[in-house]
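Comments concern the structure below.
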Amino acid sequence: MLAWTIYISFIGVLVLMLLPRDNARAARIVALFTAVLGCGVAFAGAIQQAQHTNLGDVTTIVKTSWIPALGASYYLAADGISLVLVVLTGLAAVTGILFSWNIEKRTKEFFAFYLALIGGVYGVFLSFDLLLLFMFYELTIIPKYFLIARWGSTRKEYGAMKLALYSFVGSHLVLIGLIAAWVVARTQLGHPSLDLMELSKISLPVGFQHWVFPLVFVGFAILAGMWPFHTWAPTGHVAAPTAGSMLLAGVVMKLGAYGCLRVAMVLFPEGVREWQWAIATLAVIGIIYGAGVALVQRDFKFVIGYSSVSHMGFVLLGLATLNTIGLDGAVLQMFSHGIIAGLLFGVVGRMVYDRTHTRDFNDLERMNVGKLIPFAGVTFVIAGVASMGLPGFSGFVAEFQVLAGAWQVYPITAILSGLGIIIGVAYTLRAVQKAFYSDLPPLAHSDHDAHPMEPITVPERVGAVLLIAASLAIGLFPGLLMNWIDPCLKSPMFARLLNGGAQ
Amino acid sequence: MNQLDYLQILRLAAPETIVTLTMLAVLAADLTVLREKSLAVRFNLGGLLAVFGCALAAAFVLWRQDHCNFQNGILMVDRQTDFIKAAILVLTIFTILISTSGKFTDHVGEYLSLILLGTIGLMFLVSSWDLLMIFISLELASLALYILTAFNKRNVRSSEAALKYFLFGGMSAAFLLFGFSLLYGAAGSTNLTEIANNLAGKGLDPLLIVALVMTVIGFGFKVAAVPFHLWAPDAYEGAPTPSAAFIGAGSKVASFYILATLLSVGFAGTEGSAVLHGYSAGWTPVIAIIAALSMVIGNLTAIVQSSVKRLLAYSAIAHAGYMLLGVLANTNASRPAMMFYVITYGLTVVGAFGVVAVVENATGSDAMKNFAGLSRRAPLLSLCLLIFLLSLGGIPPLAGFIGKFLLFSAAVAADEKNLGLLWLVILAIAMSAVSFYYYLRVLKEAYVQDAPENAPAIKVPALTLLALVILAGLVILLGCVPSLLTDHL
Amino acid sequence: MNHSLTILTLVPFFGGLVVAGLGANQKNLARGLALFSSLITLAGAVCLWANFKGASGELQFVEKFDWVPSLGVQYYLGIDGLGLLMVMLTAIVTPLSILVSWSIKDRANVYFALVLWLQAGLFGTFTALNFFHWFMFWELGLIPAFFLVKLWGGANRGPAATQFFIYTMVGSVALLLSFLAIWLATKTPASPGSFDFIQLAAMAKSGELATKLHAAFGWQQMGLLIFLGVFLGFAVKVPVVPFHTWLPNAYSEAPSAVTMMLTGVMSKMGVYGFLRILLPIFPEQIRLVLTPLLWLALATIVLSAFAAFAQRDLKRMLAYSSVNHLGYCLLAMFAAVGAATGVNQPEIQKAAALDGVLLQMFNHGLTASALFLFVALIEKRSAGRRDLEDFGGLRKVVPVLTGLMGIALFSSLGLPGLNGFVGEFLIFKGVFPLAPWAAVIATIGLLVTAIFLLTLIQRVFCGPLNERWLKLPDLTFSERLLVIPSIALMFVLGIWPQLVQGSIDASVVKLVQQLTF
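Chains as they are written, first to last, in our numbering: chain C, 1 to 503; chain E, 504 to 992; chain S, 993 to 1509.
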């Protein structure tokens, strides 16, 4: 059933292409319907799988032979971790469309690219064949480019091209590693294979792993926003239209992290151990650097963009711990940050920027935004607080687990990450104050006196409430997702990875 | 010499014969019946006739099951060569279809006949296992191509391009012939297998080295590999667009096939090795260097182009580099991978040039800025362009991606123990990433930029559109189900 | 299982939601509903008190559910004497604060909602026994407090609120990291780590905790490092000098009604944290660094008293005085833990000291909030002026105000017969035998406090009348009604402290047993 999430999205693209050109309303409704349907299927499929199977096992959805010469098959499957991310995609898709309800320019093309991106993302999370996974992974680059280049704002063409090229380079690094691994595995297995399950059971030569792992990991980590390959992220996020940023920060960066975990770490466990210290170091640098740079930004959206880099640092740190609790935290943080980043960009992009047409703090300070659109202020405060890692929201449990895992392996990273959290508090507070609750007197003759800001529309409210509810639900009942993730980490696929390291 | 059985020749060369007859029919039809009609009608009807003939030949060649080595390599007929011939015919069909909307010449019949003539040459090339036959077929095809390049008498650049092409081509043909004669001198036979047998165990003596280098030069020119590529950008840009398509598609398929055959069969035993830390002299390192240079120079120069046809020319040079990778891998798996790549590349390039032809006819030039807002002006056309350029860039799930994946994995697998060719594959992948940038630039014009105010309307002729849509569909289909093609290679 | 504690916390939470949902101009409804909610919780707290079995030192009204078993997180509530006291204090101060802010016009619904949410956060902190949701409520209390200062505060409210928030957050992160370490150390293959305060206290007493920490981290002094982390977390909240610099700004910039809650209850969160968490779990470490800790407590007592003396702003003076009063609590707590060699009947002294701490917390909460209530009343009349020099001879014009405020001031001073005396007396009674030198130095604080409070009375109420205030109105009837309960309690608790002590004695004894080896 879960495979239908992919198909529904692409069918949605086709339907949208066939709609008449200037009917924005029809386009929105079709897009929303498709996304909601996909999300529903995602939830239903996930719950069904959770109830009927052991989530530690990989449950096959579809498996047919595709290119026998390569050993490639059309192999879709899911385990608990895949389910978490599929559900995240569903939520992000729906709320992204809600927050883009006001797109008037070439609406159907916008949503067509959007749904194509969603379909590709579903595909990555459900693929268990390396070629298929790679295909879906690269497939997502094109819609991303067009979404930003056509409907974005600040420096959109530059930002789009930078993002596309960085992603492309990253995926090509992965390609080199994959081809090399395929050849070596073929010698070892006796037959060619790109089946992730099969490849995860063999042990590739240690020396080989030592140089292939950084290649593949960095390739994926570029998309995950690891320092110092992160520079596409702030530019890209700022340039993108709201829904684009929500998806980019919320889901697409998780593609990279997922690739790191599912492909790089599972296939090359010896390689991970060799480079564990490097990943942890770069992750911590990312946490602190991202937070520090966010603190001094003048553009509201840049703050959120850099905060995404900082939060993804937590994911990477969790991955680097190589123990159960750290990995648990990493996956949970993927989900949590996906929701929270979506919320943050939704507020900044849709609620504030579309009304104020400026993201500069110096201007916003004088606009009395908090009084004019209080819903936006409150939502941002809640989102900011969740992003800070306040208990009760999903971020806390995730960060807590990552810190716990990190402390066991490299205690100094846990302490430094704590520093990152504090800086996170600072920049969030700064943003809240400057954008919404500044004490400066409003400009005497701002042209917003003439045009009072339009009230927050229903789709925006629904989107915000959905995301807040999701973050709260997982914050208060983290067991909901942890019950999906934990069994996976005990499964044979991850056994090699975890048993060698500290528990 | 044995009694030549003419009936046998006829049967073995039936596809070529069919095409010859078609060519004559087209000429005849154009000179008589269609004389008074308009250009469009003449082109359409003549084209359809030509297409029909080619289709017939293709169907025949796929149906027959002959296996014959006629006259010791003069005409080698087996399932593989038959399939390649069919592929060439299909490419010709599409080239003709996109040329039917051309306004660059009045000599319709001659034009179509030359295309068919070139096709015949290519078909014979593919089944040649004899040095002389290779040379003759190559020349037949090349001469047709030179004239096709010159066909736009209204544009001086067409003549200039053709002259460059001809001069370069003539000189390289001379190199090739010289190389062949040396090879004959060293081996005592013109049949490829016999050459290999005679040279076995002799090692790499100076005569052989010279012969090898000459041959590589000759073919290097044909496939537009660096440093023999200097004719290509001008030729692609100046030639009428369908001719450029033909140069880039059909002729590449045949040339690579026969180059691979020549080197792996004829020069078997002198491969040498191009693996890292394992260099040994032979044709493999030479091809490796050429391939590396082509990839780098082709891709890097394409970045700065503003004319789409020149961009496609430099991209052709780069792709030639990738295909040479397949040649030098020289394993059982790499040959089908290379052919898959070349054939799908051919399909893609015909399609890309087809789109450029339409835009050129409508706006007068192929400059990138003329593509602005194409997605609004001609949505279906620009969708086809999107598919073709993304396939060239190597984006899944299109044929270009699978082709690259198959090719690169075969190349790495050529040296399983040490992954020795990985350095070349890494270079290829890196350059491929670079190529994405310039393809995206064209697509940016089409999809992101707005059309200028007074942009001329783009009317896409039906036959061309049909051809482009079918090509785009094939590109997607082969990308998702490559076994449709690879099973036969 | 009795769910009273959960209900007690949920009432203000949902009350806040309802109030927040009201429109911006329905201020009557907003403040009415808020008051109603706070009175319900007051009634509930009184019921709790009535049903509390003072004689037993055990936890009562316990609720315990598994929440996230794989992380060792439980929903674990319960109160003993200490918790009961804090709950009562919160329940009493909140309605007073709401009544004082009756005239708030700007975004009234948000204001009252934030006050109710602050109350919910406080209830949650004082009843939680598992670190997970204790920390949740600890942090959740911060947000309303921040916004209350930021949006309705004085001229310099922005930086004050930010400083307050960040300081507390730094402490919170230190707390989090420390408890993380403890959790990791107490993890076994069979069970997840422990967040349970009660369980951890038992482990500390039996020495098991130290062994586990040593085993997990290999470093003998890890326990000390963790202790410092937790200490930092609470030290910022109390506050302990030198982490106190946020307090004068926050207290003076906040609207006085909010300061009532800040000083009355929120500051007690820090001391509560010491009593509930730091003392039971880290007695070893406290003993290790006893002398520096005592010096910190003394610094808090003495330096803040001098600082208060130097102030001219009424609110800042009272703010520093707050720090000073809580310093005594610190002194008593540290002294109670310290090894008592050569002391006659140490348990009794310690019990006295800790008794004093609890009483001091409660009484100071009452008194300080009453004082700020008076400041609010003065501000209302003086259009915001609160510099000492601005006033003079007010007793001639507002005798009732003078009289009642005077009582509160004397209570703060520690006059016998008023509630402020009892706590301080017991503290000194306990500390003197345990750490005589510290007690002596602490008396300086008493002295200076007396000086500045008397100075305050002299400057503001006595002396020549400042012409400006000729027409100053005295307390209205409703204001007197507002003030009388606090004043009454001051007398009652001063004369009959047994009212409260009955409930807490057994708990204190239990705590002392916990701390003794």
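From the three backbone atoms N, C-alpha and C, an ideal C-beta is built for every residue, glycine too.
These numbers come from a predicted model, not from an experiment.
Handout entry: For residue 409 of chain C and residue 1058 of chain S, the rounded distance between their alpha carbons
Key = 28 Å
Exercise for the section: Kindly list, in the order they appear in chain E, the residues whose Cβ is closer than 9 Å to that of residue 114 of chain C. Expected result: Going along chain E, no residue has its Cβ under 9 Å from residue 114 of chain C, so there is no contact; the nearest lies around 15 Å.
Problem - Inter-residue spacing [alpha-carbon to alpha-carbon] between residue 998 of chain S and residue 14 of chain C - result: 53 Å
Exercise for the section: With 8 Å as the threshold, decide whether the Cβ of residue 97 of chain C is near any Cβ in chain S. Expected result: no
Handout entry: residue 62 of chain C - partner residues in DSSP beta bridges
Key = C:76
Practice task
Determine the chain C residues that contact residue 989 of chain E at a beta-carbon separation under 7 Å, and present them in chain order.
Solution key: 69
Practice task
Per DSSP, which residues does residue 870 of chain E bridge with? Please list them.
Solution key: E:810
Exercise for the section: Answer yes or no: does any C-beta atom of chain S fall closer than 8 Å to that of residue 484 of chain C? Expected result: no
Problem - Limits of the unbroken alpha helix (DSSP H) element including residue 328 of chain C - result: 324–345
Practice task
Check the Cβ-Cβ distances between residue 1237 of chain S and every residue of chain C, and say whether any is below 8 Å.
Solution key: no
Problem - the region 907–920 of chain E / the region 168–187 of chain C touching (three or more Cβ pairs under 8 Å) - result: yes
Problem - Residues within the region 141–155 of chain C neighbouring chain E, beta-carbon criterion of under 9 Å - result: 141, 142, 145, 146, 149, 150
Practice task
Could you say which of S:1347, S:1484, S:1363 lies nearest to residue 1411 of chain S if we only look at CA atoms?
Solution key: S:1484
Exercise for the section: Look at residue 1293 of chain S and residue 1323 of chain S and say whether their C-beta atoms are less than 8 Å apart. Expected result: yes
Problem - Interface residues of chain C facing residue 1150 of chain S [CB-CB closer than 7 Å] - result: 433, 439
Exercise for the section: Buried or exposed for residue 260 of chain C, please, with buried defined as at least 16 other CB atoms from any protein chain shown within 10 angstroms of its CB. Expected result: buried
Problem - chain E within 8 Å of residue 356 of chain C, Cβ atoms only - result: no
Exercise for the section: Report buried or exposed for residue 1122 of chain S, applying the criterion of at least 16 other Cβ atoms within 10 angstroms of its Cβ. Expected result: buried
Practice task
Determine the chain E residues that contact residue 172 of chain C at a beta-carbon separation under 8 Å, and present them in chain order.
Solution key: 932, 933, 935, 936
Practice task
List the endpoints of the continuous alpha helix (DSSP H) containing residue 351 of chain C.
Solution key: That residue, residue 351 of chain C, is in no alpha helix (DSSP H); it is neither H nor E in DSSP.
Problem - Range covered by the alpha helix (DSSP H) that runs through residue 483 of chain C - result: 479–490
Handout entry: Within chain E, the residues that residue 157 of chain C reaches when beta carbons sit closer than 8 Å
Key = 947, 951
Handout entry: Residue-level contact to chain S via CB, residue 317 of chain C, 8 Å cutoff
Key = no
Handout entry: residue 899 of chain E versus residue 1 of chain C: straight-line alpha-carbon distance, rounded
Key = 24 Å
Practice task
Starting from residue 961 of chain E, follow the alpha helix (DSSP H) in both directions and report where the run begins and ends.
Solution key: Residue 961 of chain E -> no alpha helix (DSSP H), and no H or E assigned at all.
Problem - Residues bridged to residue 571 of chain E (per DSSP) - result: E:580
Handout entry: Contact belief for residue 177 of chain C with residue 212 of chain C at Cβ below 8 Å, rounded distance in angstroms
Key = 5 Å
Exercise for the section: Check each residue of the region 129–141 of chain C: if its Cβ is closer than 8 Å to any Cβ of chain E, include it; give the result in chain order. Expected result: 131, 134, 135, 136, 138, 139, 141
Exercise for the section: Just grab the DSSP bridge partners of residue 1122 of chain S for me. Expected result: S:1188
Handout entry: Buried/exposed call for residue 1413 of chain S, threshold 16 Cβ in 10 Å
Key = buried
Handout entry: Minimum Cβ-Cβ distance from residue 121 of chain C to chain E less than 8 Å
Key = no
Exercise for the section: Have a look at residue 44 of chain C and residue 72 of chain C and give me their C-alpha separation to the nearest angstrom. Expected result: 29 Å
Handout entry: Sub-8 Å separation of residue 82 of chain C and residue 125 of chain C beta-carbons
Key = yes
Exercise for the section: Please list the partners that residue 928 of chain E has in chain C, where partner means a Cβ-to-Cβ separation under 8 Å. Expected result: 176, 179
Handout entry: C-alpha gap between residue 561 of chain E and residue 668 of chain E, whole angstroms
Key = 29 Å
Handout entry: Short Cβ contact (8 Å threshold) for residue 1238 of chain S with residue 1364 of chain S
Key = no
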